[in-house]
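In the numbering used here, the protein residues as written are 17 to 346.
Note that beta-carbon positions come from the ideal geometry of N, C-alpha and C, so glycine has one too.
Computed from a prediction, not measured in an experiment: that's the story for all the values here.
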């Protein structure tokens with residue numbers, strides 16, 4: 017028997033030896049030294065040394081890019097809608113990368129989110145504890161700026177040179193009043209930090225911490241003033257509508273489900289053109305499943321990645337699991 021025949025020979029469970037190689041966990045209680053395979057490109061979390069976003073492929077049409085460019089020129093927020101997995105949040109990273117605007121400032125919104133926490137946090141208890149510590153003669157106490165940190169929205173509006181990219185993720189999950197709360201800062205480009213505006217004139221200029229690691233920003237007389245309006249990307253899954261006044265101040269962008277051509281472009285962009293050779297049936301299976309219920313594009317990427325790694329997706333319903341429908345009734 018040749019080595020290839022040995023590899024393809026079925027085991028007692030009906031699987032070939034090659035099939036067993038990808039099964040790192042086997043559920044038999046035996047400890048093994050295993051070498052983890054490389055992660056999918058979209059599941060690698062190491063950042064470049066400068067912390068800037070990586071060059072992840074982002075496939076988008078001309079019509080959509082025109083809307084993005086219009087928002088940048090007009091200094092208006094983008095209100096991005098679409099099904100889960102259509103690339104709404106990834107758009108912010110793509111813009112930050114192409115325009116060289118640094119790391120994305122990310123504000124994930126939930127039902128408990130408030131604009132206050134996204135603007136800044138003041139650690140009054142920490143400052144009180146610090147003031148009660150014994151100090152050596154001549155040792156200075158840290159100023160109030162060491163206990164005040166701007167949130168993602170506050171950091172975006174404190175930028176003094178180039179604008180930053182601000183991702184307000186899933187705003188429709190927030191409180192009903194949250195969109196209206198955002199209107200003031202979007203229109204005025206400024207907000208007050210009362211803890212600083214109450215300080216005496218000799219402390220009019222304070223450097224505070226930002227949402228960036230080791231970052232600081234100057235604040236004068238307690239007012240944060242925007243010099244360059246950030247590139248704001250607001251995502252929504254359409255769970256509820258927003259007030260007309262809010263929508264009027266945003267540029268709407270709907271990201272539709274990618275068709276077969278764009279799906280192939282996405283696969284090639286993430287996994288290389290060679291991955292397309294064995295992905296035809298997976299693309300068709302994905303399209304068929306998506307016609308029956310909600311699926312995300314990254315589910316197709318997961319399937320193709322496993323296929324390129326030698327995993328038999330037709331075995332024991334694995335493909336059905338990878339391409340499970342996301343809607344509740346699916």
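C-beta contact flag for residue i and residue j at 9 Å
i: residue 158; j: residue 146; result: yes
i: residue 224; j: residue 166; result: yes
i: residue 105; j: residue 183; result: yes
i: residue 319; j: residue 298; result: yes
i: residue 247; j: residue 88; result: yes
i: residue 211; j: residue 164; result: yes
i: residue 308; j: residue 341; result: yes
i: residue 131; j: residue 198; result: yes
i: residue 94; j: residue 267; result: yes
i: residue 161; j: residue 222; result: yes
i: residue 314; j: residue 101; result: yes
i: residue 279; j: residue 321; result: no
N- and C-terminal bounds of the alpha helix (DSSP H) containing residue i
i: residue 141; result: 140-147
i: residue 212; result: 210-213
i: residue 195; result: 194-204
i: residue 252; result: From DSSP, residue 252 is part of no alpha helix (DSSP H) but of the beta strand (DSSP E) over 247-252.
i: residue 78; result: 78-90
i: residue 113; result: 104-114
i: residue 131; result: 131-135
Span of the beta strand (DSSP E) around residue i
i: residue 232; result: 232-236
i: residue 95; result: 94-97
i: residue 164; result: 164-166
i: residue 184; result: 181-185
i: residue 122; result: 121-124
Beta-bridge pairing of residue i - partner residues as DSSP gives them
i: residue 41; result: Answer is none; residue 41 lacks a bridge partner.
i: residue 240; result: 207
i: residue 222; result: 235
Buried versus exposed, by CB contacts within 10 Å (16 or more), residue i
i: residue 257; result: exposed
i: residue 252; result: buried
i: residue 206; result: exposed
i: residue 15; result: Look at the range of the chain in this structure, 17 to 346, and you will see that residue 15 is not part of it.
i: residue 300; result: exposed
i: residue 38; result: exposed
Next on the checklist: I'd like the ranges of any beta strand (DSSP E) spanning at least 3 consecutive residues and lying wholly in the stretch 254-335.
Outcome noted: Counting whole runs of 3 or more residues, the stretch 254-335 contains the beta strand (DSSP E) stretches 267-270.
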